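For the sequence shown, position 174 (counting from the first letter as 1) is numbered 195 according to our numbering, and the numbering increases by one without interruption. Note that CB positions come from ideal geometry on N, CA and C, so glycine has one too. Values in this document were obtained by computation on a predicted structure and should not be read as measured data. Only one structure is covered here, and it is reproduced in the block below.
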Amino acid sequence: MQDSLTRLKSRLRGLPGFPLARFLFRLVKSTESRNAALLLLRPPHGLYQPYGTTSVDRYPQIFRFVRESLGDGPDLRILSFGCSTGEEVFSLRPYFPRATLMGIDINPWNIYVCRLRRLRVRAPKTVFAVAGSVSHLADASVDAVFAMAVFRHGDLNTSPPPPQSAHRIRFADFEQSVVDLVRVLKPGGLLVIQNAMFRFCDTRAAEHCETVLTIERESPPQLYGPDDSLLQGVRYPDVVFRKRP
Ligand SMILES: C[S@@+](CC[C@H](N)C(=O)[O-])C[C@H]1O[C@@H](n2cnc3c(N)ncnc32)[C@H](O)[C@@H]1O
Numbered sequence: 022m023q024d025s026l027t028r029l030k031s032r033l034r035g036l037p038g039f040p041l042a043r044f045l046f047r048l049v050k051s052t053e054s055r056n057a058a059l060l061l062l063r064p065p066h067g068l069y070q071p072y073g074t075t076s077v078d079r080y081p082q083i084f085r086f087v088r089e090s091l092g093d094g095p096d097l098r099i100l101s102f103g104c105s106t107g108e109e110v111f112s113l114r115p116y117f118p119r120a121t122l123m124g125i126d127i128n129p130w131n132i133y134v135c136r137l138r139r140l141r142v143r144a145p146k147t148v149f150a151v152a153g154s155v156s157h158l159a160d161a162s163v164d165a166v167f168a169m170a171v172f173r174h175g176d177l178n179t180s181p182p183p184p185q186s187a188h189r190i191r192f193a194d195f196e197q198s199v200v201d202l203v204r205v206l207k208p209g210g211l212l213v214i215q216n217a218m219f220r221f222c223d224t225r226a227a228e229h230c231e232t233v234l235t236i237e238r239e240s241p242p243q244l245y246g247p248d249d250s251l252l253q254g255v256r257y258p259d260v261v262f263r264k265r266p
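Have a look at this one:
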């Protein structure tokens with residue numbers, strides 16, 4: 022069944038007019054797919070996962086762990102890097118009622134949705150910005166960074182997976198991004214990376230951090246190494262990293 026679907030999809034892709042039909046379909050399918058379709062008209066530099074798939078309270082085990090580790094308070098600053106249409110940020114609020122929550126996303130259409138929603142629910146201490154990096158944030162200014170389902174690319178999710186990732190996402194960019202994410206963390210702050218196609222332990226940022234939470238998953242994402250080559254049969258359950266003082 023899966024095989025015939027894949028064959029049908031690749032036949033459709035070969036038809037003239039397929040890209041236009043797919044674009045129009047994505048415009049009407051859902052807010053997430055419309056925003057991704059609009060973004061992909063001119064993909065911005067530094068883009069990882071272009072698709073904004075998200076949901077409410079998507080990572081309760083991880084959110085609870087971070088809450089228990091950091092507590093809550095008016096001075097706490099928490100960043101959702103790649104917040105899509107805001108579900109992650111608004112889901113974090115019950116865990117951190119007094120903290121400042123920041124959501125950034127490279128897709129301006131997603132941030133537009135976040136801001137509309139913030140107006141609707143009148144959310145205090147909740148800010149959103151269009152950005153593809155954290156270069157605008159000061160060193161050691163954030164207590165926790167969530168980078169969930171960002172460092173990946175839906176087009177690499179094929180069977181079999183492509184042997185190289187570089188035509189969609191590159192390890193060198195991932196490394197630069199996580200070095201910058203660790204830079205903005207306060208000593209003792211937490212970096213959370215989930216659903217990534219690269220391993221944090223392969224980056225030079227890892228030497229400043231220790232792993233504090235691992236989660237074994239039934240179907241973990243496929244992984245690529247520092248040379249952007251597919252890592253066969255490798256699992257990497259590390260999810261939460263603490264910046265050493
Ligand atoms: C699959 S969504 C993840 C949403 C949410 N974090 C979650 O896990 O439910 C990936 C998001 O990452 C954003 N994104 C991709 N590259 C980015 C970058 N360089 N900087 C900020 N956001 C980025 C996309 O626009 C998209 O909204």
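Residue i - DSSP class collapsed to helix/strand/coil
{"i": "Q70", "result": "coil"}
{"i": "R98", "result": "strand"}
{"i": "K264", "result": "strand"}
{"i": "L140", "result": "helix"}
{"i": "T52", "result": "helix"}
{"i": "A42", "result": "helix"}
{"i": "A193", "result": "helix"}
{"i": "I127", "result": "coil"}
{"i": "V199", "result": "helix"}
{"i": "V171", "result": "coil"}
{"i": "S250", "result": "strand"}
Distance cut-off 6 Å: residue i Cβ against heavy atoms of ligand 1
{"i": "Y116", "result": "no"}
{"i": "R63", "result": "no"}
{"i": "I83", "result": "no"}
{"i": "R47", "result": "no"}
{"i": "R191", "result": "no"}
{"i": "S105", "result": "yes"}
{"i": "A144", "result": "no"}
{"i": "L68", "result": "yes"}
{"i": "V255", "result": "no"}
{"i": "M169", "result": "yes"}
{"i": "N178", "result": "no"}
{"i": "T147", "result": "no"}
{"i": "T27", "result": "no"}
{"i": "G153", "result": "yes"}
{"i": "R79", "result": "yes"}
{"i": "I127", "result": "yes"}
{"i": "E196", "result": "no"}
Own chain residues within Cβ distance below 6 Å of residue i, not counting five before or after
{"i": "S101", "result": "E109, V110, G124, F167"}
{"i": "I132", "result": "D126, F149, V151"}
{"i": "Q243", "result": "P182"}
Residues of its chain near residue i, where Cβ-Cβ distance is below 8 Å and the 5 sequence neighbours each way are ignored
{"i": "A227", "result": "F221, F262"}
{"i": "V134", "result": "T52, N56, T106, G107"}
{"i": "D248", "result": "F192"}
Close-in-space but distant-in-sequence residues of the same chain around residue i (CB under 7 Å, 5 per side omitted)
{"i": "V199", "result": "F221, T224, A226"}
{"i": "F44", "result": "A58"}
### Task
Check whether the region 217–231 touches the region 85–96, counting contact only when three or more Cβ pairs, one atom from each stretch, lie closer than 8 Å.
Pairwise C-beta distances place the region 217–231 out of contact with the region 85–96, as fewer than three of them are shorter than 8 Å.
### Query
Just checking, does the region 138–146 make contact with the region 208–228 on the three C-beta pairs under 8 Å criterion?
By the criterion of at least three beta-carbon pairs nearer than 8 Å, the region 138–146 is not in contact with the region 208–228.
### Message
Three or more C-beta pairs under 8 Å: does that hold for the region 90–101 against the region 45–65?
### Response
Contact check between the region 90–101 and the region 45–65: fewer than three CB pairs, one atom from each, fall below 8 Å, which does not count as touching.
### Query
Taking three-plus beta-carbon pairs below 8 Å as touching, is the region 70–79 in contact with the region 169–179?
As far as the Cβ criterion goes, the region 70–79 touches the region 169–179, which means the pair count is three or higher.
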